[in-house]
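Chemist: First to last, the protein sequences are chains D and G. The first sequence maps to residues 1 to 479 in this note's numbering. The second sequence maps to residues 1001 to 1290 in this note's numbering. The following block contains the structure, expressed as structure tokens.
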Amino acid sequence: MATVDLLSGFIQELRAAGLPVSLTENLDAMEAVKHIPIEDRDAFKYALGATLVKNNAHWRAFETVFEVYFSLRGPQYQLRDDAEADEMWRDMQEALRQGEGKGAAGGSMDNLTPEELMLLLYQALMHGDDALMRALARQAVSRFAGMEPGRPVGGTYYLYRTLRNLDLDAMMEKLMEATRQQVGGELTQLEERLEHDEYESRIEKFKKEIEAEIRRRLVADRGAEAMAKTLRKPLPEDVDFMHASRDEMLQLRKALHPLTRKLAARLARKRRHGRKGPLDFRSTVRHSLSYGGVPAEPKFKYPRPAKPELMVVADISGSVAAFARFTLHLVYAIQNQFSKVRSFVFIDGIDEVTEYFKGIDDISEAVHRVNTEADVVWVDGHSDYGHAFEVFWERWGKDVGPKTTVLLLGDARNNYHASQSWVVKEMRQKARHVYWLNPEPRSYWNTGDSIVGEYGVHTDGVYECRNLRQLEGFVEKLA
Amino acid sequence: MTYRFEDVPSVRDGLKSVNYLADDGISGVVFLADRLQKPILVEGPAGTGKTQLAKSVAEMSGARLIRLQCYEGLDESKALYEWNYKKQLLRIQADRSSDGWSELHDDIFSDEFLLTRPLLEAITAEEPVVLLIDEVDRVEIETEALLLEILSDYQVSIPELGTVTATQIPLVFLTSNNTRELSEALKRRCLYLHVDYPDMEREKEIVLTKVPDISDNLADQIARIVRSIRQLELKKAPSVSETLDWARTLVLLGIEHIEAQQAKETLHILLKYQSDIAKAAKELAVEARQ
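Given below as structure tokens:
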């Protein structure tokens, strides 16, 4: 049966994209589709989703693969209903002509001038007309994307070309302007905001239509397997900090919040349910008095795992800035697991930023202030670990004590400055632990101007932290 | 084998008749759970109607709802079954004179002395039941194992009695607020449903059905404002139940059209953190006077 083949290909692709799909889940999916007709695309999608995706963070990846594999199936999504769109367009035209008293060119949508097309889009967005929007997305793609069969370009290129021609930002302005005029000039700020959000969501919907349309055409051209491969994206927890696109960054930040919540809950639980402590001799003897001196009831010490004091020293220059941001965010989100957290940031100069996090509810705002306000440039604004460490040791070295755990964050790309690794060595002698977290892949370490090895020998361990998964693992170990 | 539901639309209509507005995803998964006889694991932010879904399904299909509220430290004797020790003791004392030991032993470990707890009750029930295992993420990961047998095979093994198998297959809902990752074993046995905040249209519908005497215009405005607020980066986004509270408040205050000032004054019903309230007020209203 064709569906079975299709499904097994689909599931293979899901696994390739990193989703953990087990054999039983696979069988469940096969069973589920028996009860749902493939023509009902939405129901079909939810049926597969319910059986195969057990983590909401993976839903996006699932959706992409689903689009690719099933976008050409289901009657209403086929390419051929241009005729229907034309008919709708004629109706629409009727209405326009009556409204404005001016005749536009009759016939199919393809004959429209760009101005008329824009006018139509404007109408569609104004009234939130979904069907018209879909038809227009189709028209816009065939007109502006310039797709050629067999051309080895990704979907993003076509998307960019289409959107550039449509100039949706100007459209937004126009829509807002029109709304203002409708109510007679003045909108209150609240109304303005609401209208703005409304149009934004419509435009977003329109963009999605365009994207889907491009994808459909690409799949028709190249086949599902090849397409799925080019669209394959890492799951949020596997996205590389150093090479994340803006969109991925946004996803990462969204993923960070539930992750910190989970981590905090887990750590608190671990602390409460820790094993019993060692025998409390004094208490046992004291209680033995009530049994006539026989220590019948042994008493144990209440476990008091020490809360470490944490000092985070982070490089926030260009490429590693995102990594530093995420680590600071994570550390402060679980700061009640530590007795004290202090943070320092540097590029070639170093500055303490603990103050920014004091008494603030919103960690992301504090992190933002760190990036904009901290005084971290000394000479030229290129990373100089040696100088930064030296200054750190001189000014705050006395605060490092036997309870302190020091976290050094950075790629140790020192621009060939002096390493001053003696600082790290002395730091380790005074501190409880010194760890180094490096956002670069391990294979890049100690290549070029990276001198992580030189610092690393003096620390208690250098850890690769390229994505949220690794970062979470490390932080859990720490607390 | 008889099924509870005809097809997906009938599930949606049924839910609607008991005032629960389901979207395609929700009704589809409920339908599927019935057909595949699998439990549903419902996850999502607090206050989006996860528990309500189970209640509504029970109400619409006329089944009895059995609820197991999970908490830390939940164990077998609270979830599955327990022997009624007091009664057993009384039985032993009652005829101390007669009977051999083996006879007595068989007697005190029989149905009569078994106290059923929610899980066992759900599978021994004669009539159709909906089993709701609420906030399953609150139990420890070891306790989850308790649930596995009942979730996959709909049976409970009691060492002294043997295996109790379900007379009818209950429809099982597990809800989770996602405070921790559930074990793979548990997830594998369930269908997964993520209930998110509803989109604007659906939220408006919900407000209209749940709040009596509200005008269409006001509901529309409420849904729009809530959508805008959810787009901000907040500590806790307003849930559906908070939206409903807000709507009721506005109706009580006799407000027909929300002005910035009124929105600002009633924001504390939607948002529960001072920093969130300040942020939302700034974004929505105060800027107007700049």
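Every residue gets a Cβ at the ideal spot worked out from N, C-alpha and C, and that includes glycine.
If you measure beta-carbon to beta-carbon, which residues of the stretch 40 to 51 of chain D are closer than 7 Å to chain G?
Modeler: Those residues of the stretch 40 to 51 of chain D that come within reach of chain G (Cβ to Cβ, closer than 7 Å) are Asp42, Ala43, Tyr46, Ala47, Ala50 and Thr51.
Chemist: Taking only beta-carbon atoms, is G:Arg1227 less than 9 Å away from chain D?
Modeler: yes
Chemist: Is it true that the stretch 1043 to 1063 of chain G meets the stretch 1233 to 1243 of chain G, where meeting means three or more beta-carbon pairs spaced less than 8 Å apart?
Modeler: At 8 Å Cβ cutoff, the stretches touch.
Chemist: By the 9 Å beta-carbon criterion, what residues does the stretch 1169 to 1193 of chain G contribute toward chain D?
Modeler: Asn1178, Thr1179, Arg1180, Glu1181, Leu1182, Glu1184, Lys1187, Arg1188, Arg1189, Cys1190, Leu1191, Tyr1192 and Leu1193
Chemist: Just to confirm, are G:Glu1043 and G:His1268 a CB contact at a threshold of 9 Å?
Modeler: no
Chemist: So, at 8 Å on beta carbons, what are the nonlocal neighbours of G:Ser1152 in its own chain, with the 5 sequence-adjacent residues on each side left out?
Modeler: Hits under 8 Å: Arg1189.
Chemist: In chain order, what residues of the same chain have a beta carbon less than 6 Å from the beta carbon of G:Arg1180, not counting five sequence neighbours either side?
Modeler: For G:Arg1180, where only same-chain residues beyond five positions count, the Cβ hits under 6 Å are Asp1137.
Chemist: Might you give, ordered along the chain, the residues of its own chain that have their beta carbon closer than 6 Å to the beta carbon of D:Val424, omitting 5 neighbours on each side?
Modeler: Counting only Cβ-Cβ distances below 6 Å, and skipping sequence neighbours, we find Tyr455 and His458.
Chemist: Mind reading off the beta-carbon distance from D:Glu394 to D:Gln420? Whole number of angstroms is fine, and I expect it under 8 Å.
Modeler: Not confirmed; about 11 Å, so no contact.
Chemist: Identify the continuous beta strand (DSSP E) that holds G:Leu1042 and give its terminal residues.
Modeler: The question names Leu, but residue 1042 of chain G in the sequence shown is Val. Per DSSP, G:Val1042 belongs to the beta strand (DSSP E) from Ile1040 to Glu1043.
Chemist: Straight-line CA distance for D:Lys358 to D:Arg60?
Modeler: 36 Å
Chemist: Measure the C-alpha to C-alpha separation of D:Lys398 and D:Thr405 and round it to an integer number of angstroms.
Modeler: 14 Å
Chemist: From D:Glu472 to G:Gln1168, what does the alpha carbon distance come to, in whole angstroms?
Modeler: 44 Å
Chemist: Are the beta-carbon atoms belonging to G:Leu1089 and G:Leu1131 less than 9 Å from one another?
Modeler: With respect to G:Leu1131, G:Leu1089 sits apart: the two C-beta atoms are not nearer than 9 Å.
Chemist: Would you please verify whether the beta carbon of G:Gly1047 is less than 9 Å from any beta carbon of chain D?
Modeler: no
Chemist: Check whether the Cβ atoms of D:Leu163 and D:Asp315 sit closer than 9 Å, and answer yes or no.
Modeler: no
Chemist: Establish whether the CB of G:Glu1144 and some CB of chain D are separated by less than 9 Å.
Modeler: no
Chemist: Among G:Ser1176, G:Glu1259, G:Trp1246 and G:Gln1155, whose alpha-carbon lies nearest the alpha-carbon of G:Lys1210?
Modeler: Residue G:Trp1246 is the option with its Cα nearest to G:Lys1210.
Chemist: Between the stretch 44 to 59 of chain D and the stretch 18 to 34 of chain D, do at least 3 Cβ pairs fall closer than 8 Å?
Modeler: yes
Chemist: If I follow the unbroken alpha helix (DSSP H) through D:Trp436, where does it start and stop?
Modeler: Where D:Trp436 is concerned, there is no enclosing alpha helix (DSSP H), although the beta strand (DSSP E) it sits in stretches over His433 to Asn438.
Chemist: Is DSSP giving D:Asp167 helix, strand or coil here?
Modeler: coil
Chemist: With 9 Å set as the bound, which would you pick, yes or no: does the beta-carbon of G:Phe1113 sit closer than that to a beta-carbon of chain D?
Modeler: no
Chemist: So, does the CB of D:His127 fall closer than 9 Å to a CB anywhere in chain G?
Modeler: no
Chemist: Examine chain D for any beta-carbon lying closer than 9 Å to the beta-carbon of G:Phe1109, and answer yes or no.
Modeler: no
Chemist: Does any C-beta atom of chain G lie closer than 9 Å to the C-beta of D:Arg261?
Modeler: Interface residue, yes.
Chemist: Short of 6 Å in beta carbon distance, which residues of its chain neighbour D:Arg138, apart from the five on each side in sequence? Order them along the chain.
Modeler: Glu213
Chemist: Kindly provide the ranges of any alpha helix (DSSP H) runs that are 4 or more residues long and lie completely inside the stretch 1045 to 1107 of chain G, ordered along the chain.
Modeler: If only uninterrupted alpha helix (DSSP H) runs of at least 4 residues are considered, those enclosed by the stretch 1045 to 1107 of chain G are 1050 to 1061, 1076 to 1079 and 1085 to 1094.
Chemist: Would G:Asp1276 be called buried (16 or more neighbouring beta carbons within 10 Å of its own) or exposed?
Modeler: buried
Chemist: What distance in whole Å lies between the Cβ atoms of G:Ser1176 and G:Leu1041, which are believed to be in contact at a cut-off of 8 Å?
Modeler: Rounded, the Cβ-Cβ distance is 7 Å, consistent with contact.
Chemist: Taking 8 Å as the cut-off, is the C-beta of D:Tyr69 nearer than that to any heavy atom in the ligand MG?
Modeler: Annotation note on the ligand MG: not contained in the displayed structure, which lists no ligands.
Chemist: Looking at the secondary structure, which residues open and close the alpha helix (DSSP H) in which G:Thr1179 lies?
Modeler: Careful: G:Thr1179 lies outside any alpha helix (DSSP H) and carries neither H nor E.
Chemist: Quick one: Cα of D:Phe10 to Cα of D:Tyr69, how far?
Modeler: 7 Å
Chemist: Using the C-alpha atoms, what's the distance from D:Thr113 back to D:His58?
Modeler: Going by the C-alpha atoms only, they are around 42 Å apart.
Chemist: Consult DSSP for D:Ala314 and reduce its assignment to one of helix, strand or coil.
Modeler: strand
Chemist: Rounded to the nearest angstrom, what separates D:Leu310 and G:Leu1068 at their Cα positions?
Modeler: 41 Å
Chemist: Using only the alpha-carbon positions, how far apart do G:Asp1106 and D:Pro308 sit?
Modeler: 57 Å
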